[in-house]
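Novice: Heads up, the sequence shown is in UniProt numbering, so the first residue is 1 and it goes up one at a time.
From the three backbone atoms N, C-alpha and C, an ideal C-beta is built for every residue, glycine too.
All figures in this text were calculated on a predicted structure; none of them were measured in a lab.
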Amino acid sequence: MESGKPVTCSSCQQKILSGQAITAFGSSYHLEHFVCFKCRKQMPEGSCFKKGNDLWCPACIEEAKQKCAGCKRPLNEKALGALGKLWHLECFCCVRCKKQLKDGVFLAINEKQYCHSCAPMHNN
């Protein structure tokens, strides 16, 4: 605002009066428009995320993360894709003996993962 140019709200495109703007990710907002895209609640001070062109609060961004098929917790950067699902490396285990299948070697029977030792016992 020091440059003399009027500042406009990125949400409503209306002019923001001096000293009444909140700036995040290079865009300015009226206080009442600085809300989470998903839950529409006021953004917590000093904590917001940008997903595409939208602002998200920490709770909603966490909820939106893909979940591990094993433990249902949000996935991090390292995930294993198997059986059409995503898994934490430590959660991808044989459904019978619970041995980790971290090397990615397994047998799929009826859309469930088995280590080579347990797969023959599946029919018992």
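1. In terms of residue numbering, what span does the alpha helix (DSSP H) encompassing A59 cover?
2. First and last residue of the beta strand (DSSP E) that includes S10?
3. For the beta strand (DSSP E) that H30 lies in, which residues bound it at each end?
4. Report yes or no: do the stretch 55-75 and the stretch 35-43 share at least 3 C-beta pairs separated by less than 8 Å?
5. State buried or exposed for S64, treating a residue as buried only when at least 16 other CB atoms are found within 10 Å of its CB.
6. Classify C93 as helix, strand or coil using the three-state DSSP reduction.
7. Bridge partners of D54, per DSSP?
8. Can we say the stretch 84-91 touches the stretch 43-59, given the rule of at least three CB pairs closer than 8 Å?
Specialist: The relevant details are as follows:
1. 58-64
2. Taken as a continuous stretch (DSSP letters only), S10 belongs to no beta strand (DSSP E), as it is neither H nor E.
3. 27-30
4. yes
5. Contrary to the premise, residue 64 reads as Ala rather than Ser in this sequence. By the 10 Å Cβ count, A64 comes out exposed.
6. Strand.
7. For D54, the beta-bridge partners assigned by DSSP are K51.
8. Segments in contact, no.
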